[in-house]
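Asks:
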Amino acid sequence: MKVFISWSGERSREVAAYLYEWLPCVIQAAQPWMSSKDIDKGSIWFNEINDELKDTAVGIICITKENKNKPWILFEAGALLKGLSSNRVIPLLIDLEIKDIESPLSQFNATLPTREGMLGLVRSINNELQSNKLKENVLDSSFNTYWDQFNPKFNEIMEDTHILENKVEERSEKEILSEILNTTRTLEKKLRSIDSSEKTYAVPEVLQRKMREEILKLMNEGNSRNEIVSKLSTLYTLPERHILNHYMKLQSELMEEAIYGNHYNAEK
1 MKVFISWSGE
11 RSREVAAYLY
21 EWLPCVIQAA
31 QPWMSSKDID
41 KGSIWFNEIN
51 DELKDTAVGI
61 ICITKENKNK
71 PWILFEAGAL
81 LKGLSSNRVI
91 PLLIDLEIKD
101 IESPLSQFNA
111 TLPTREGMLG
121 LVRSINNELQ
131 SNKLKENVLD
141 SSFNTYWDQF
151 NPKFNEIMED
161 THILENKVEE
171 RSEKEILSEI
181 LNTTRTLEKK
191 LRSIDSSEKT
201 YAVPEVLQRK
211 MREEILKLMN
221 EGNSRNEIVS
231 KLSTLYTLPE
241 RHILNHYMKL
251 QSELMEEAIY
261 GNHYNAEK
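Per the UniProt record's numbering, the very first residue in the sequence shown carries number 1; after that it's consecutive.
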């Protein structure tokens with residue numbers, strides 16, 4: 001079962017890398033994935049990350065003071081939320097308290113790197129294994145064995161990765177949303193360039209409008225990103241990448257409206 005580990009910054013990366021090694025020791029069926037380890041050289045990084053997000057069962061977001069407002073960590077959190085239910089997206093607060101987390105990360109059930117918090121995290125992962133899940137007493141025994149390794153290593157990472165407090169920026173919600181919008185636009189452009197490099201045909205404007213209506217309808221019904229892409233790909237017999245491109249474009253437009261208001265869109 002795939003566990004997507006999201007990170008940004010040195011401290012976050014070090015904790016993510018250790019989780020990558022530690023989780024399969026506790027739960028052998030867990031298959032962690034993180035970009036710095038699993039993207040092949042020469043591959044298109046966005047394609048790979050998007051593919052991994054589609055197949056992910058649980059997402060862990062390694063949050064620090066340094067990265068809590070960074071656009072990429074927020075984008076991956078949003079991407080995970082669109083593909084998974086919120087109870088399967090777990091922010092791990094490395095050097096923060098629950099009260100330090102603001103929207104959009106505050107909508108998730110965050111956990112702390114304490115014994116109780118990490119036990120809850122591995123139980124959440126185990127619950128997604130369904131028929132292959134470990135019995136509770138077996139899981140607890142495995143966790144107790146490997147917690148004695150996790151805690152000293154975590155403390156070592158904390159000591160070796162110092163974050164300068166004056167580098168941690170406090171930004172307004174509008175500034176954060178603007179950065180996420182810029183990141184989303186960049187990813188949308190990458191999708192378009194990938195599409196244009198392949199043998200594709202232009203989607204008629206009438207069909208584009210129909211797809212937009214269907215995407216909005218499915219979003220309002222609570223469908224995840226993956227569900228929307230899959231349903232519309234089948235409905236219109238188009239590659240999923242085409243649908244994802246339209247989905248990303250609509251997300252950008254909705255985010256622009258959230259940041260700048262309807263007046264902005266009227267002027268476009």
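The C-beta atom is built at its ideal place from N, Cα and C for all residues, glycine as well.
On a predicted model such as this, the values are computed, not experimentally measured, just so you know.
Look up I73 in the DSSP assignment and say whether it is helix, strand or coil.
Replies: Taking the first residue of the sequence shown as position 1, residue 73 is located at position 73. Three-state DSSP puts I73 in a helix.
Asks: Within 10 Å of its beta-carbon, does P204 have 16 or more other beta-carbons around it, so buried, or fewer, so exposed?
Replies: Locating residue 204 in the sequence shown gives position 204, where the first residue counts as 1. Its Cβ having fewer than 16 others within 10 Å, P204 is exposed.
Asks: Among the residues of its own chain, which have a CB less than 7 Å from the CB of E10, if the five just before and after it don't count?
Replies: By 1-based counting over the sequence shown, the position of residue 10 is 10. Taken in chain order, the residues that qualify are T161.
Asks: Spatial neighbours of S233 within its chain, please: CB distance less than 6 Å, with the 5 preceding and 5 following residues excluded, ordered by chain position.
Replies: Here residue 233 refers to the residue found at position 233 of the sequence shown. Excluding sequence neighbours, S233 sits near E240 and I243.
Asks: With distances taken Cα to Cα, identify the nearest neighbour of L24 among G117, M219 and Y146.
Replies: Your numbering for residue 24 matches position 24 in the sequence shown. A small fix is needed here, since residue 24 is Pro in this sequence, not Leu. Considering only alpha carbons, the answer is Y146.
Asks: Just how far apart, CA to CA, sit K153 and H246?
Replies: By 1-based counting over the sequence shown, the position of residue 153 is 153. By 1-based counting over the sequence shown, the position of residue 246 is 246. The straight-line gap from Cα to Cα measures roughly 44 Å.
Asks: Which of the three DSSP states is assigned to K249 in this structure?
Replies: Here residue 249 refers to the residue found at position 249 when the sequence shown is read from its first residue. In this structure, K249 counts as helix in the three-state DSSP scheme.
Asks: State the DSSP-derived secondary structure class of W147, mapped to helix, strand or coil.
Replies: Position 147 of the sequence shown, counted from the start, is the residue given in the question as residue 147. Three-state DSSP puts W147 in a helix.
Asks: Grab the span of the beta strand (DSSP E) containing residue 270 for me, first residue to last.
Replies: Any answer about residue 270 is impossible in this case: the structure gives the chain only from 1 up to 268.
Asks: Pick helix, strand or coil for P32, following the three-state DSSP scheme.
Replies: Working through the sequence shown from its first residue, we reach residue 32 at position 32. The answer is strand: DSSP assigns P32 an E or B state.
Asks: Taking the C-alpha atoms as reference points, what is the distance between R212 and L250?
Replies: Against the sequence shown, residue 212 aligns to sequence position 212. Against the sequence shown, residue 250 aligns to sequence position 250. R212 and L250: Cα-Cα distance of roughly 7 Å.
Asks: What's the C-alpha gap between I101 and S8?
Replies: In the sequence shown, residue 101 corresponds to position 101, counting from 1. In the sequence shown, residue 8 corresponds to position 8, counting from 1. Going from the Cα of I101 to the Cα of S8 covers about 16 Å.
Asks: Provide the residue(s) that pair with V3 in DSSP beta bridges, ordered along the chain.
Replies: The residue given as residue 3 occupies position 3 in the sequence shown. P32 and V58, per the DSSP bridge assignment.
Asks: How many Å lie between M219 and S124 at the Cα?
Replies: The residue you call residue 219 lines up with position 219 of the sequence shown. The residue you call residue 124 lines up with position 124 of the sequence shown. For M219 and S124, the distance between alpha carbons rounds to 26 Å.
Asks: Give every residue of the same chain whose Cβ lies closer than 8 Å to the Cβ of L121, excluding the five residues on either side of it in the sequence, and list them in chain order.
Replies: Counted from its first residue, the sequence shown places residue 121 at position 121. Around L121: I60, I90, L92 and T111.
Asks: Could you round the C-beta distance between A57 and V3 to whole angstroms and report it? I think they count as a contact, below 8 Å.
Replies: On the sequence shown, residue 57 is found 57 positions in, with the first residue counted as 1. On the sequence shown, residue 3 is found 3 positions in, with the first residue counted as 1. Indeed they touch by this definition, with Cβ atoms about 7 Å apart.
Asks: Any beta-carbon of chain D closer than 8 Å to the one on E14?
Replies: Absent from the structure is chain D; it holds one protein chain and no more.
Asks: Determine the DSSP secondary structure at I63, reduced to helix, strand or coil.
Replies: Here residue 63 refers to the residue found at position 63 when the sequence shown is read from its first residue. I63 falls in the strand class under three-state DSSP.
Asks: My guess is that L53 and P32 are in contact by the Cβ rule of under 8 Å, so how many angstroms apart are they, rounded?
Replies: Within the sequence shown, the letter at position 53 stands for residue 53. Within the sequence shown, the letter at position 32 stands for residue 32. L53 to P32, Cβ: 14 Å. No contact.
Asks: Label I215 either buried or exposed according to how many other C-beta atoms from any shown protein chain fall within 10 Å of its C-beta, with 16 as the threshold for buried.
Replies: As a position in the sequence shown, residue 215 is number 215, starting the count at 1. With 16 or more Cβ atoms within 10 Å of its Cβ, I215 is classed as buried.
Asks: Look up T111 in the DSSP assignment and give the residues it is bridged to.
Replies: Translated into positions along the sequence shown, residue 111 becomes position 111. DSSP, once it has assigned bridges, lists L92 as partnering T111.
Asks: Kindly give me the distance between the Cβ atoms of T64 and L96, rounded to whole angstroms, as I take these residues to be in contact under 8 Å.
Replies: Along the sequence shown, read from residue 1 onward, the residue named residue 64 stands at position 64. Along the sequence shown, read from residue 1 onward, the residue named residue 96 stands at position 96. 7 Å between Cβ atoms; contact.
Asks: With distance defined between alpha-carbon atoms, name the residue in S230, M158, Y236 and E221 nearest to V206.
Replies: By 1-based counting over the sequence shown, the position of residue 206 is 206. Taking only the C-alpha atoms, the option nearest V206 is Y236.
Asks: List the endpoints of the continuous alpha helix (DSSP H) containing L102.
Replies: Here residue 102 is taken as the residue at index 102 of the sequence shown, counted from 1. Looking at the sequence shown, residue 102 is not Leu but Glu. E102 -> no alpha helix (DSSP H), and no H or E assigned at all.
Asks: Between D209 and L238, what straight-line distance do the alpha-carbon atoms span, to the nearest angstrom?
Replies: Numbered from 1 along the sequence shown, position 209 holds the residue referred to as residue 209. Numbered from 1 along the sequence shown, position 238 holds the residue referred to as residue 238. A small fix is needed here, since residue 209 is Arg in this sequence, not Asp. Distance between the alpha carbons of R209 and L238 is about 15 Å.
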